[in-house]
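Numbering (my numbering), first residue to last: 49 to 323.
In this text, a Cβ means the ideal position worked out from N, Cα and C, and glycines have one as well.
Note that the coordinates shown come from a computational prediction; the quantities given were computed from them, not determined experimentally.
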Ligand code: PDD
């Protein structure tokens with residue numbers, strides 16, 4: 049397996065990370081996960097744009113979009129993987145540990161790939177989720193490397209026999225630990241607006257586009273945990289989890305406890321997009 053780090057393509061298992069990499073000390077950087085289906089990138093431009101925007105938001109300078117695209121293509125080709133996920137991160141640079149931005153450091157790019165299959169079983173049967181307070185910072189629209197809160201939130205699901213943790217701020221559902229959350233109530237699709245409290249997922253945007261194209265009414269509007277407990281359907285989305293139905297939240301059935309019709313329709317429209 050060939051990965052890329054700090055200007056070089058290297059054997060993944062032998063890759064050496066620089067000790068001064070600010071990703072290592074501070075999680076000082078941004079990242080993306082891009083899916084490849086059948087040898088082709090899915091929504092590559094959207095991911096590249098978001099990476100550039102995240103970098104800009106945290107004032108990482110000197111990142112070139114063309115370079116990102118080139119590295120992603122090169123990693124895909126060199127590894128000959130046709131179905132999988134590419135991970136790319138950009139740290140602020142290499143420098144002795146000091147909180148303030150270092151002078152004159154260049155961003156450090158790391159990229160790797162792994163083959164993966166679509167999560168067929170969970171998309172078919174649905175999963176359990178739990179809810180908890182969203183205790184992250186207030187720049188959740190940045191795809192930051194700093195995922196400590198997300199990691200803790202996800203572990204909460206793992207320890208409670210669930211697949212994902214759905215977070216809320218003062219009762220208003222924001223998103224999952226690594227996914228965007230939707231509910232369907234009386235035929236209307238709801239999801240949190242794309243502000244600073246969520247990551248504006250590329251899959252989220254695809255789902256909204258599919259809803260638009262297929263006359264499924266939707267509102268980018270906050271809803272509460274209590275609204276969600278009375279929803280007909282709930283699902284979450286991400287690059288790797290696609291459209292995953294949630295059939296049980298905090299031990300209580302969602303709707304009648306089976307995967308809902310609107311979720312199924314969106315899944316089938318999404319299938320057509322990627323195949
Ligand atoms: N996670 N919200 C959060 C907090 C995320 O980390 C992610 C993605 C999403 C969904 O975004 P998208 O549809 O663009 O993948 C929402 C990635 C996949 C990860 O960290 O592995």
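Select from 121, 85, 107, 98 the residue whose C-alpha is nearest the C-alpha of residue 52. Start at 1 with the first residue of the chain shown, and residue 52 comes out as number 4. Nearest option by C-alpha distance: 121.
Smallest Cα separation from residue 213: which of 119, 202, 283, 60?
Along the chain shown, read from residue 1 onward, the residue named residue 213 stands at position 165. Looking at the Cα atoms, 202 is the closest of the given residues.
With which residues is residue 192 paired in a DSSP beta bridge?
-> Reading the chain shown from its first residue, position 144 is the one you call residue 192. According to DSSP, residue 192 bridges with 78.
Exercise. Could you round the C-beta distance between residue 245 and residue 222 to whole angstroms and report it? I think they count as a contact, below 8 angstroms.
Key: In the chain shown, counting from the first residue as 1, residue 245 sits at position 197. In the chain shown, counting from the first residue as 1, residue 222 sits at position 174. About 5 angstroms; that satisfies the 8 angstroms criterion.
- Query: Taking C-alpha atoms, which residue in 56, 307, 210, 180 lies nearest to residue 197?
  - Reply: Counted from its first residue, the chain shown places residue 197 at position 149. Checked all of 56, 307, 210, 180; the closest Cα to residue 197 is 180.
(Q) Shorter than 7 angstroms, the distance from the beta carbon of residue 179 to the closest heavy atom of ligand 1, or not? (A) The count along the chain shown starts at 1 and reaches residue 179 at position 131. No.
Notebook entry, point to check: Per DSSP, what kind of secondary structure is residue 143 in: helix, strand or coil?
Noted result: Position 95 of the chain shown, counting from 1, holds the residue named residue 143. Residue state, collapsed to three classes: coil.
*Are the region 110-127 and the region 148-160 touching, with three or more C-beta to C-beta distances below 8 angstroms?*
Contact between the region 110-127 and the region 148-160 is present, with at least three C-beta pairs closer than 8 angstroms.
*When you compare only the Cα positions, how much space is there between residue 98 and residue 135?*
Here residue 98 corresponds to residue number 50 of the chain shown, with the count starting at 1. Here residue 135 corresponds to residue number 87 of the chain shown, with the count starting at 1. So the two alpha carbons sit approximately 14 angstroms from each other.
| request: Could you tell me whether any non-hydrogen atom of ligand 1 is closer than 7 angstroms to the CB of residue 228? | output: If you number the chain shown from 1, residue 228 lands on position 180. Residue 228 Cβ: within cutoff of ligand 1.
What are the start and end residues of each continuous alpha helix (DSSP H) run of 4 or more residues lying completely inside the region 69-138, in chain order? 70-74, 92-105, 113-127
TODO: For the beta strand (DSSP E) containing residue 221, list its first residue and its last residue.
DONE: Residue 221 sits at position 173 when you count from the first residue of the chain shown. Note, residue 221: beta strand (DSSP E), 220-224.
My understanding is that residue 227 touches residue 289, with C-beta atoms under 8 angstroms, so please give their C-beta distance in whole angstroms.
The residue given as residue 227 occupies position 179 in the chain shown. The residue given as residue 289 occupies position 241 in the chain shown. Rounded, the Cβ-Cβ distance is 6 angstroms, consistent with contact.
Kindly list the residues whose CB is nearer than 7 angstroms to the CB of residue 316, restricted to its own chain and excluding five residues on each side of it in sequence; keep chain order. The count along the chain shown starts at 1 and reaches residue 316 at position 268. So the list is empty, once near-sequence residues are dropped.
In this structure, how does DSSP classify residue 319 when only helix, strand and coil are distinguished? Taking the first residue of the chain shown as 1, we reach residue 319 at position 271. Assigned with DSSP and collapsed to three states, residue 319 falls in helix.
request  = Tell me where the beta strand (DSSP E) around residue 232 begins and ends.
outcome  = Taking the chain shown and counting its residues from 1, the one referred to as residue 232 is at position 184. Per DSSP, residue 232 belongs to the beta strand (DSSP E) from 228-233.
Determine the direct distance from the alpha carbon of residue 224 to that of residue 184, and round the result to whole angstroms.
Taking the chain shown and counting its residues from 1, one reaches residue 184 at position 136. Taking the chain shown and counting its residues from 1, one reaches residue 224 at position 176. Cα-Cα distance, rounded: 12 angstroms.
Practice prompt. Starting from the C-beta of residue 265, find all residues in its chain whose C-beta is less than 8 angstroms away, skip the five residues before and the five after it, and write them out in chain order.
Written response: On the chain shown, residue 265 is found 217 positions in, with the first residue counted as 1. These residues qualify, in order along the chain: 235, 236, 237, 259.
- Message: Taking 7 angstroms as the cut-off, is the beta-carbon of residue 250 closer than that to any non-hydrogen atom of ligand 1?
- Response: Along the chain shown, one-based indexing puts residue 250 at 202. Yes, since a heavy atom of ligand 1 falls inside the 7 angstroms radius drawn around the Cβ of residue 250.
Close beta carbons around residue 144, own chain, < 7 angstroms, minus the five adjacent residues each side:
Translated into the one-based positions of the chain shown, residue 144 becomes position 96. Cβ contact annotation for residue 144 (same chain, cutoff 7 angstroms, sequence separation greater than five): 68, in chain order.
(request) Could you tell me whether any non-hydrogen atom of ligand 1 is closer than 7 angstroms to the CB of residue 286? (result) Along the chain shown, one-based indexing puts residue 286 at 238. Correct: residue 286 has its Cβ closer than 7 angstroms to ligand 1.
Quick check: is any heavy atom of ligand 1 less than 7 angstroms from the C-beta of residue 134? The residue you call residue 134 lines up with position 86 of the chain shown. Not one heavy atom of ligand 1 falls within 7 angstroms of the beta-carbon of residue 134.
| query | Where does residue 110 land, buried or exposed, given buried means 16+ other C-beta within 10 angstroms? | reply | As a first step, residue 110 is located in the chain shown; it is residue number 62 there, counting from the start. When all chains shown are included, residue 110 counts as exposed.
- Query: If we ignore side chains and look at the alpha-carbon of each, how far apart do residue 60 and residue 161 end up?
  - Reply: Walking along the chain shown from the start, residue 60 turns up at place 12. Walking along the chain shown from the start, residue 161 turns up at place 113. Between residue 60 and residue 161, the C-alpha separation is close to 10 angstroms.
Check: Based on the DSSP output, what are the partners of residue 282 in its beta bridges?
Finding: Residue mapping note: residue 282 aligns to position 234 of the chain shown, counting from 1. 231, 294, per the DSSP bridge assignment.
Flag residue 81 as yes when its Cβ comes closer than 7 angstroms to any non-hydrogen atom of ligand 1, and as no otherwise.
Taking the first residue of the chain shown as 1, we reach residue 81 at position 33. Indeed, a heavy atom of ligand 1 lies less than 7 angstroms from the Cβ.
Run the proximity test for residue 223: is its beta-carbon closer than 7 angstroms to any non-hydrogen atom belonging to ligand 1?
One-based indexing of the chain shown puts residue 223 at position 175. True, at least one ligand heavy atom lies under 7 angstroms from that Cβ.
Is the Cβ-Cβ distance between residue 279 and residue 200 less than 8 angstroms?
Position 231 of the chain shown, counting from 1, holds the residue named residue 279. Position 152 of the chain shown, counting from 1, holds the residue named residue 200. Between residue 279 and residue 200, the gap from beta carbon to beta carbon reaches 8 angstroms or more.
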